[in-house]
Structure formats: structure tokens, C-alpha cells
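J.: Protein chains in written order, with this note's numbering: chain A, 20 to 171; chain B, 359 to 643. Backbone N, C-alpha and C fix where the C-beta goes; we use that ideal spot for every residue, glycine too. Computed from a predicted model, the values in this text were never measured in an experiment.
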Amino acid sequence: MIGRKLLLGACFLGCLALHLMSYGSAQLPTCCTANSDHAKDVICVPTTVMLAHLLHIEKAKAPCCGKGLSEHGVVVASMEVSPRGDVVRFHILQGKPFGSASISQVLPLWKFKPLLKHERAKTFCGPIAIRYELSDSSVETAVLPEIPHGPE
Amino acid sequence: MPPRACLFSAASDHQSVSTGKERDTESGLDYFGDRYYASSMGRWMSPDPIWVTDDRLADPQRLNLYSYVENKPLTLTDPHGDDVTLGTCASGSAQSCFNQVQAGLAKDDRSHVHLVAGDGKNGFAKGVNGITVDQDYKSDSKNFQVLQSLAGDHSATARVDVLNSNDQVTIKVAVGYNAKTGNQYQESPISPGNPSKNDGFEGYTFFPLGEGPGPYSDGNYTDVVVNNSDSGRGGVPASIHHELRHVFLGDFGRSASKALHGTGNVDQQTKAAEDEAIKNQKDKP
Numbered sequence: 020m021i022g023r024k025l026l027l028g029a030c031f032l033g034c035l036a037l038h039l040m041s042y043g044s045a046q047l048p049t050c051c052t053a054n055s056d057h058a059k060d061v062i063c064v065p066t067t068v069m070l071a072h073l074l075h076i077e078k079a080k081a082p083c084c085g086k087g088l089s090e091h092g093v094v095v096a097s098m099e100v101s102p103r104g105d106v107v108r109f110h111i112l113q114g115k116p117f118g119s120a121s122i123s124q125v126l127p128l129w130k131f132k133p134l135l136k137h138e139r140a141k142t143f144c145g146p147i148a149i150r151y152e153l154s155d156s157s158v159e160t161a162v163l164p165e166i167p168h169g170p171e
Numbered sequence: 359m360p361p362r363a364c365l366f367s368a369a370s371d372h373q374s375v376s377t378g379k380e381r382d383t384e385s386g387l388d389y390f391g392d393r394y395y396a397s398s399m400g401r402w403m404s405p406d407p408i409w410v411t412d413d414r415l416a417d418p419q420r421l422n423l424y425s426y427v428e429n430k431p432l433t434l435t436d437p438h439g440d441d442v443t444l445g446t447c448a449s450g451s452a453q454s455c456f457n458q459v460q461a462g463l464a465k466d467d468r469s470h471v472h473l474v475a476g477d478g479k480n481g482f483a484k485g486v487n488g489i490t491v492d493q494d495y496k497s498d499s500k501n502f503q504v505l506q507s508l509a510g511d512h513s514a515t516a517r518v519d520v521l522n523s524n525d526q527v528t529i530k531v532a533v534g535y536n537a538k539t540g541n542q543y544q545e546s547p548i549s550p551g552n553p554s555k556n557d558g559f560e561g562y563t564f565f566p567l568g569e570g571p572g573p574y575s576d577g578n579y580t581d582v583v584v585n586n587s588d589s590g591r592g593g594v595p596a597s598i599h600h601e602l603r604h605v606f607l608g609d610f611g612r613s614a615s616k617a618l619h620g621t622g623n624v625d626q627q628t629k630a631a632e633d634e635a636i637k638n639q640k641d642k643p
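1. Using the beta-carbon of each residue, which ones in chain A are nearer than 9 Å to D557 of chain B?
2. Give me the chain B residues within the contact set of K132 of chain A, using Cβ-Cβ distance strictly less than 8 Å, ordered along the chain.
3. Would you kindly check if the distance between the Cβ of G570 of chain B and the Cβ of A614 of chain B is under 7 Å?
4. Helix, strand or coil for P82 of chain A per DSSP?
5. If you count every other CB in all the chains shown that lies within 10 Å of the CB of G9 of chain A, and 16 or more means buried, which is it?
6. Measuring only the C-alpha atoms, how far is V100 of chain A from A532 of chain B?
7. Is K136 of chain A close to chain B, meaning its C-beta is less than 7 Å from at least one C-beta of that chain?
8. Pick out whichever of B:V594, B:N541, B:L567, B:N480 has its Cα sitting closest to the Cα of A448 of chain B.
9. Could you round the C-beta distance between V442 of chain B and A509 of chain B to whole angstroms and report it? I think they count as a contact, below 8 Å.
10. Measuring only the C-alpha atoms, how far is V605 of chain B from F565 of chain B?
11. Who are the Cβ neighbours of F502 of chain B in its own chain at under 6 Å, not counting the five residues just before and after it?
12. Are the CB atoms of T66 of chain A and I166 of chain A nearer to each other than 7 Å?
13. Tell me, please, which residues DSSP counts as bridged to K530 of chain B.
14. Exposed or buried, what is Q124 of chain A when buried is set at 16 or more other beta-carbons lying within 10 Å of its beta-carbon?
15. At least one CB of chain A closer than 7 Å to the CB of N524 of chain B: is that the case?
16. Suppose you measure from the CA of I147 of chain A to the CA of V93 of chain A; what does that come to, to the nearest Å?
17. Alpha carbon to alpha carbon, what distance is there between P164 of chain A and D412 of chain B?
18. Kindly list the residues whose CB is nearer than 6 Å to the CB of F456 of chain B, restricted to its own chain and excluding five residues on each side of it in sequence; keep chain order.
19. Under a Cβ-count criterion, where at least 16 other Cβ atoms within 10 Å of its own Cβ denotes burial, should E90 of chain A be classed as buried or exposed?
Encoded structure:
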């Protein structure tokens, strides 16, 4: 009986330790929810970890055919990165149509450093916020250090 | 070839299964307003009046002026046989928006552009307001030539919507991506907004989903949206002709990459369209 209790206790502690080792999945349910069909294989990480692994930002392109187009805002995207550092999925969680269109065009070309866990590269996922300002022929972007709260 | 769609009426009492158009019982031809189409042969019975363009030179099939939807009748359709329509008109009736289109044209050219209320028999579906252009009339005006070319291209449609700043139109926006399946899109409402307050546009051309950057129109047509409340330099007529130049350069989205600002001479061409519209507006009807 005592042995069984010890076993259950050890299992509980082990599960708790594993949970705490995972990168903040409890704080970022949106990221994993967006990719829920295979969430168990994906490590959810916060924005700081995403940015720490970011290697290359492809420059956004202006939308096609505007006259007097002027828009600024923030696009928030949940990005999933393969063990090789390629973007394999993303979801736009927040953003106006023109900003989302410009940025979503180039997100698949972003590159990340592999995320290692127990010395093995893993698929990971997390949110990134990009501030933008666009006109007929140009779009300026900046990656934000954290996800802004509330309306833009 | 009939120079104007609305001058012809078809003696038919059957509808074609494949094209949905009226079929002449004697000849077996489908009537498209501008031309008769022989569905049994997959060929028009008269040539497409559109002029030869660079894009057509690059795609030999499109030089065949007798072919229907690039010989792909199962995947492409030419629903009305005419190709520039007026959608929402915030400034009042379709006539008032048509007047804005005309105002950007030279005085002598205006009488060769016509507003047609679609009745299902004149080349436009019931309830659709179409623009036809005399195809046998020659003008030196580039704005006129562009409109004439677009209205004569029967393989695609452009709709002009003139909206107030808070009016909405539905477009398609990329909301996700999967490396295996590609982009995921969602329909979303958009308003022209207030460009002078750094949040909107004077005009924008939404090509159909496909090549080129989004956002896209919500159907298989090009949506030219003009802001009636804030159309900036040259007003609504200049914005309409600026955007129609994008449609022309991008060939209804089939060569969208050639319509981008900063590419080739797109900036010069769109500014020239505005300048011509501004100059022409001084000639009151």
C-alpha cells in the first residue's frame, strides 16, 4: 500500500517537473490552440524565446494597387517552426487586412535557429508581433519585443 | 462583330447548359451580348476586339481572338460577355458614378462610353450596371484606350465600387499558412476609411485570388474600390482612372506583378491617368 502511494507521488512529481520544464505553454494557450491538431508534438514558447531564435526577417512588400493608401498597426502571428528552423505554419491572430496581407506574404521566408531540447532539435511555436506602417509603394516594419495588450 | 453590345438582340428561346446564355435555336449559337459563341466548337464566331498587348504576346493562346476563356471552358467562365461593371455607388445612382467615370475622359470621347442597365439579354445580368465602349472608335486618350480595352476583354470582369469611408466591401485576406497546403484565406469586411488620418485609402484594386499580393476580391472578378469621402488629388474620377490603369497593367490580376507600384513604369502610368482625369474634368459636359 505504502509502495503504491510512493509510486503515485513520484509519478505526480515527475509530471509536475515535466510540465514546469515545458516553455511556458500554460501562458500561451493561443499559440497551441491555433495548431491544436498536432499540439502534442510542438513546444510552445513565449515571444522572448521566439525572438532569441530568430535568424532572418524577410522584408515585407507593399500591397499591390493603392492610391493614397496609408495604414499602420500591429500584426500578431502565431508561428510554428520546424526542427530545421523553417516556418511550417502560421496563423494571423490580430491585424488589419493590408498589414496582414503584406506581412503574411513574407512570413514563410523567415528563418530561425533550431530549438534544442535534450540536445535534439524540436518543432516549436510561439507568437510574434510586428508593427508596420504602409503606403502605396512602401511598408516599414519592426518586430516588437512583446505582444501588445489591448487594442492597437 | 457588333460594335456595341446593347444594339443587338438575340432571337432565342433556349438557354445553353454550358454557358448559361441564350441559345439561338436556328444556329445553335450562344448569345453573349457582344458576340455569338459556338459551344459545339468552343469558338467565338467573331474575333475578340481587344488590342494586342504585351501580355498576350507572351501567351500565344490569348492571341487567338476566337478562343473562349483560353480554351478552358470547364474552369473559367465569361458570365456576362462584357467586362466593366458598376457596383455600389455611394454618391447616388449608378448614373452619378458613371458620370464620374466619364468626367475623367476627354470631352469628345465621353459619348462613346455607355451605361447599360442589365436585363439579362443585353450582355449584362439583370440588376447589373455595365459600361460598354464603342470598339470601333479611335481616341488618342490613354484613359479612353484603357477603358475600351478593359470593356472589350471578355475573359474577365472588373467592378467599380464607389464607397463612403465607412461603407464596407468584402475581400479575401490570408490568415494562415501551412507549408504543405499553402495559404489559408478568410473573407473579411473592409472600409475605405480615412487616408488623411493615416488609416485608409483613396482607391484600391483588389484582384481575384491568385498571383500577386493580396488582399484579394471575394470572387472571380477584379474589385476597384474608390473612396467617395476622401479621394485626394483629382477626386473620384482621378482615383477611378488611376485604379483602372492598375487593372489594365495587371491584366485583371493575371499579370498582377506588373501592376505593382515601384515596378516598371506603373508609378508613371497611374500618375498620368490621374493627370489626364484632372485635366479632362475641367471640360464640363
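T.: Straight from the coordinates:
1. Taking the second sequence and counting its residues from 1, the one referred to as residue 557 of chain B is at position 199. Near D557 of chain B (Cβ distances below 9 Å), the residues of chain A are S89, E90, H91, G92, K115.
2. As a working mapping, residue 132 of chain A is identified with position 113 in the first sequence. Residues of chain B passing the Cβ test: none, with the nearest at roughly 18 Å.
3. In the second sequence, residue 614 of chain B corresponds to position 256, counting from 1. In the second sequence, residue 570 of chain B corresponds to position 212, counting from 1. In contact: A614 of chain B and G570 of chain B (Cβ atoms closer than 7 Å).
4. Walking along the first sequence from the start, residue 82 of chain A turns up at place 63. Residue state, collapsed to three classes: coil.
5. Nothing about residue 9 of chain A can be read from this structure; chain A reaches only from 20 to 171.
6. In the first sequence, residue 100 of chain A corresponds to position 81, counting from 1. In the second sequence, residue 532 of chain B corresponds to position 174, counting from 1. Looking at the two C-alpha atoms, the distance is approximately 19 Å.
7. Sequence index remark: in the first sequence, residue 136 of chain A carries index 117 (1-based). Output row for K136 of chain A: interface = no.
8. Sequence index remark: in the second sequence, residue 448 of chain B carries index 90 (1-based). With distances taken between Cα atoms, A448 of chain B lies closest to B:V594.
9. As a first step, residue 442 of chain B is located in the second sequence; it is residue number 84 there, counting from the start. As a first step, residue 509 of chain B is located in the second sequence; it is residue number 151 there, counting from the start. Right, the Cβ-Cβ distance comes to about 5 Å (below 8 Å), so this counts as a contact.
10. Locating residue 605 of chain B in the second sequence gives position 247, where the first residue counts as 1. Locating residue 565 of chain B in the second sequence gives position 207, where the first residue counts as 1. Going from the Cα of V605 of chain B to the Cα of F565 of chain B covers about 8 Å.
11. Within the second sequence, residue 502 of chain B is the residue found at index 144, counting from 1. Taken in chain order, the residues that qualify are L463, D467.
12. The residue given as residue 66 of chain A occupies position 47 in the first sequence. The residue given as residue 166 of chain A occupies position 147 in the first sequence. Yes, they are a contact pair.
13. For the purposes of this step, residue 530 of chain B is taken as the residue at position 172 of the second sequence. Paired residues: B:E545, B:Y574.
14. Looking up residue 124 of chain A in the first sequence gives position 105. With 16 or more Cβ atoms within 10 Å of its Cβ, Q124 of chain A is classed as buried.
15. Here residue 524 of chain B is taken as the residue at index 166 of the second sequence, counted from 1. Not closer than 7 Å to any Cβ of chain A, the Cβ of N524 of chain B fails to qualify, so no.
16. For the purposes of this step, residue 147 of chain A is taken as the residue at position 128 of the first sequence. For the purposes of this step, residue 93 of chain A is taken as the residue at position 74 of the first sequence. One C-alpha to the other measures close to 10 Å.
17. Reading the second sequence from its first residue, position 54 is the one you call residue 412 of chain B. Reading the first sequence from its first residue, position 145 is the one you call residue 164 of chain A. Summary for D412 of chain B: the model assigns pLDDT 48, below 50, so the residue's position carries little reliability; its value from the coordinates is reported in the next sentence. Roughly 47 Å between the two C-alpha positions.
18. As a working mapping, residue 456 of chain B is identified with position 98 in the second sequence. If we look at F456 of chain B and ignore the five residues flanking it on each side, its Cβ neighbours are L473.
19. Here the question's residue 90 of chain A lines up with position 71 in the first sequence. Result: buried.
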